[in-house]
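Trainee:
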Amino acid sequence: MILNQSVVAADAFEKHLINRKRKKHWGLKAAGFTLMLTSMVDMFSMLVVFLLQTFSSSPEILVTKGVELPNSITPSQVREAPVLAISSDGNLYLDQMLVGKTEDVSKKPNELLQKLNKIKKTWAKSHKTPFTGEINLQADREIKSTIVAQIMGILTSSQFQSIELAVVGHR
Amino acid sequence: MRKKTGLGKKKELDAQLNLTPFIDLLSTCVCFLLITAVWIEIGTVEVKQSHGTSAASEKKETYDLDLVFKDPTEMRLNLKKSGKRVKSFNVKSDSFEGMISSLNTTISANVLNYKNKAIEIATATVTPRSTVNYGSLISTLDVLRKNKIVNIGVLTAKGQ
Chain A
1 MILNQSVVAA DAFEKHLINR KRKKHWGLKA AGFTLMLTSM VDMFSMLVVF
51 LLQTFSSSPE ILVTKGVELP NSITPSQVRE APVLAISSDG NLYLDQMLVG
101 KTEDVSKKPN ELLQKLNKIK KTWAKSHKTP FTGEINLQAD REIKSTIVAQ
151 IMGILTSSQF QSIELAVVGH R
Chain B
172 MRKKTGLGKK KELDAQLNLT PFIDLLSTCV CFLLITAVWI EIGTVEVKQS
222 HGTSAASEKK ETYDLDLVFK DPTEMRLNLK KSGKRVKSFN VKSDSFEGMI
272 SSLNTTISAN VLNYKNKAIE IATATVTPRS TVNYGSLIST LDVLRKNKIV
322 NIGVLTAKGQ
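Those protein sequence lines, which keep their order, are chains A and B.
Quick note on numbering: the first sequence equals residues 1 to 171 in my numbering.
Quick note on numbering: the second sequence equals residues 172 to 331 in my numbering.
In structure tokens, the structure reads:
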């Protein structure tokens, strides 16, 4: 397939013939345009290679709005589990649903404990293996570490002992 | 390229590649990969919280490490064996980054080579402080994980 009539690598007479042919069709060409297929295919191929390299098949968790995750140089792969999030404005979310203010919840954790128990019961119904106690904890990087520790204490008391702290990976 | 063969008959020698399905396939691939692309890699740092004292009673002959934040630029490391403190290290610097660097050096040079002997840290417990933010806590956990200490716990409010 002739993609484009190139004047490169042609002698003077050939160039003249090509130009004459082009001039002859200028009137017709104005209605359409020639697509540079070679460069387009090159670009597509490079894009496909780049995107295939960055392709990831690991499960993804939704980052709650208002949570800026801390960076980590030793991240592990995310596992599918319930997501508890502490946002920068002090709100606590369980699976994207607002539970309340973190300070209030740490003083009176009954509501959170009830929701966690509900998750455990749902898990027990759908699984035959013992409860693994896994939970993903997302917290804003600027909040006090003691607040996170308090919430971790509540999770531990509710048998969620394998806490996965969500981070942004920088290897 | 055309080549004359025989009595004025012209035969095409160059094979023509049908580009249309090729471009279709590439476009579909690009669209699919762009939609499913993950630009921010979310990972996790696992923390294993022990309930009660079961974790401590299981490991008697191995060393445990306690990391206690005094403030964002100062930390105390307590090396324990069978629950008893055998050595303490103080890590301090002008900045948090400097402290993290010193912590890494202390753990790799002094803790993991205690008395010039390679030791294994069974569990590490980090005690946070209100002046230390969560990002700094994660950086500390990173240092531990970098030094192959994977059984990490964070002292929770109940334990403090």
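By construction, the Cβ of each residue, glycine as well, lies at the ideal position given by its N, Cα and C atoms.
1. Does leucine 92 of chain A get closer than 8 Å to chain B when you measure Cβ to Cβ?
2. For the region 251 to 277 of chain B, which residues have a CB atom closer than 9 Å to at least one CB atom of chain A, in sequence order?
3. Can you find a CB in chain A that lies within less than 8 Å of the CB of arginine 316 of chain B?
4. According to a CB-to-CB cut-off of less than 9 Å, which residues of the region 289 to 308 of chain B neighbour chain A?
5. Check for me: the beta strand (DSSP E) holding arginine 316 of chain B runs from which residue to which?
6. Along the region 44 to 58 of chain A, what residues have a CB closer than 8 Å to any CB found in chain B?
7. Would leucine 172 of chain A count as contacting chain B if we go by Cβ distances under 8 Å?
8. Is DSSP giving isoleucine 61 of chain A helix, strand or coil here?
9. Under 8 Å between the Cβ atoms of serine 266 of chain B and threonine 244 of chain B?
10. Between threonine 296 of chain B and isoleucine 320 of chain B, what straight-line distance do the alpha-carbon atoms span, to the nearest angstrom?
11. Just checking, does the region 150 to 167 of chain A make contact with the region 212 to 219 of chain B on the three C-beta pairs under 8 Å criterion?
12. What residues in its chain sit with their C-beta under 6 Å from that of serine 274 of chain B, if we drop five residues either side in the sequence?
13. Whole angstroms is fine: what's the gap from lysine 236 of chain B's alpha carbon to serine 253 of chain B's?
Mentor: Let me spell this out:
1. Locating residue 92 of chain A in the first sequence gives position 92, where the first residue counts as 1. Judged by the 8 Å Cβ criterion, leucine 92 of chain A is not in contact with chain B.
2. Contact annotation: in the region 251 to 277 of chain B, no residue has its CB less than 9 Å from a CB in chain A.
3. The count along the second sequence starts at 1 and reaches residue 316 of chain B at position 145. Yes, arginine 316 of chain B lies at the interface with chain A (some Cβ there is under 8 Å from its Cβ).
4. Val297, Thr298, Pro299, Arg300, Ser301, Thr302, Val303, Asn304, Tyr305, Gly306, Ser307, Leu308
5. Reading the second sequence from its first residue, position 145 is the one you call residue 316 of chain B. Looking at the DSSP string, arginine 316 of chain B is not in any beta strand (DSSP E); the run it does join, the alpha helix (DSSP H), is 305 to 317.
6. Here the close residues are Phe44, Ser45, Leu47, Val48, Leu51, Leu52, Thr54, Phe55, Ser56.
7. This structure gives no information on residue 172 of chain A, because the portion of chain A shown stretches from 1 to 171.
8. Stepping through the first sequence from its first residue, residue 61 of chain A is reached at position 61. Three-state result, isoleucine 61 of chain A: coil.
9. Start at 1 with the first residue of the second sequence, and residue 266 of chain B comes out as number 95. Start at 1 with the first residue of the second sequence, and residue 244 of chain B comes out as number 73. Contact flag set, yes.
10. The sequence position of residue 296 of chain B within the second sequence is 125, counting from 1. The sequence position of residue 320 of chain B within the second sequence is 149, counting from 1. For threonine 296 of chain B and isoleucine 320 of chain B, the distance between alpha carbons rounds to 11 Å.
11. yes
12. Numbered from 1 along the second sequence, position 103 holds the residue referred to as residue 274 of chain B. According to the sequence shown, residue 274 of chain B is leucine rather than serine. Within the same chain, leucine 274 of chain B has close Cβ partners Val262, Val314.
13. Here residue 236 of chain B refers to the residue found at position 65 of the second sequence. Here residue 253 of chain B refers to the residue found at position 82 of the second sequence. Inspection of the sequence shows that residue 236 of chain B is occupied by leucine rather than by lysine. Inter-residue distance for leucine 236 of chain B and serine 253 of chain B is about 11 Å (C-alpha atoms, whole angstroms).
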